[in-house]
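Trainee: Sharing a structure, written as structure tokens. Questions coming.
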Amino acid sequence: MLHSLLPENPLCLITDDGSSLAPTLAAALIKQGWETAVLRYASTSNLQKRSESHSPKKTLLIELSSSGEPELQSSLKDLETKHGKIGGLINLNPVLPIRFIKSGRWRKCLSPACFHYS
Numbered sequence: 002m003l004h005s006l007l008p009e010n011p012l013c014l015i016t017d018d019g020s021s022l023a024p025t026l027a028a029a030l031i032k033q034g035w036e037t038a039v040l041r042y043a044s045t046s047n048l049q050k051r052s053e054s055h056s057p058k059k060t061l062l063i064e065l066s067s068s069g070e071p072e073l074q075s076s077l078k079d080l081e082t083k084h085g086k087i088g089g090l091i092n093l094n095p096v097l098p099i100r101f102i103k104s105g106r107w108r109k110c111l112s113p114a115c116f117h118y119s
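Following this note's numbering, the numbering of the sequence shown begins with 2 at its first residue and continues without gaps.
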């Protein structure tokens, strides 16, 4: 169960990972009084049709055509101008399917040299 105290401006920005998690979080936050906006990067647009059908109707959708900083800044400024300051952020990172990760990269990441102990 998701519990939160509403900030002064209950607008939560959720970055879309292309799965059904962003729309699910948006729906849960809306039930608790939040206004939600989902930010969809161009890299997750190939999964757009699947998650679009699950998006709550009250959720604002911001779709970026590139991953460039100027477009992101402009979109965030636009959002704040129209809906007020962002009161919360949930950043979801897309999961890279295992078939796209080379085994050498896994071995390197899992080697003892990658782990630092205090």
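Even glycine gets a Cβ: it sits at the ideal position worked out from N, Cα and C.
Just so we're clear, the structure is a prediction, and the values are computed from it rather than from any experiment.
(1) Could you tell me the boundaries of the beta strand (DSSP E) in which L93 lies?
(2) Give me the Cβ distance between L12 and G85, rounded to the nearest whole Å; I'm assuming they're in contact under 8 Å.
(3) Measuring CB to CB, does I91 end up less than 8 Å from S76?
(4) Which residues in the same chain have their Cβ closer than 6 Å to the Cβ of G89, if we skip the five residues on either side of it in sequence?
(5) Quick check on this structure: which residue in E9, R41, L65 has the alpha carbon closest to the alpha carbon of A23?
(6) If you draw a straight line from the alpha carbon of Q33 to that of T60, how long is it in whole angstroms?
(7) Closer than 8 Å by C-beta to I31: which residues in its own chain qualify, once you throw out the five before and the five after it? Chain order, please.
(8) Are P71 and D18 close, meaning C-beta to C-beta below 8 Å?
(9) Within a Cβ cutoff of 8 Å, which residues of the same chain sit near S66, ignoring the five residues on either side of it in sequence?
Mentor: Considering the structure as presented:
(1) L93 -> no beta strand (DSSP E), and no H or E assigned at all.
(2) 6 Å
(3) Not closer than 8 Å, so no.
(4) C13
(5) R41
(6) In a straight line, the C-alpha of Q33 is about 13 Å away from that of T60.
(7) T37, P57, K59, T60
(8) no
(9) A43, E72
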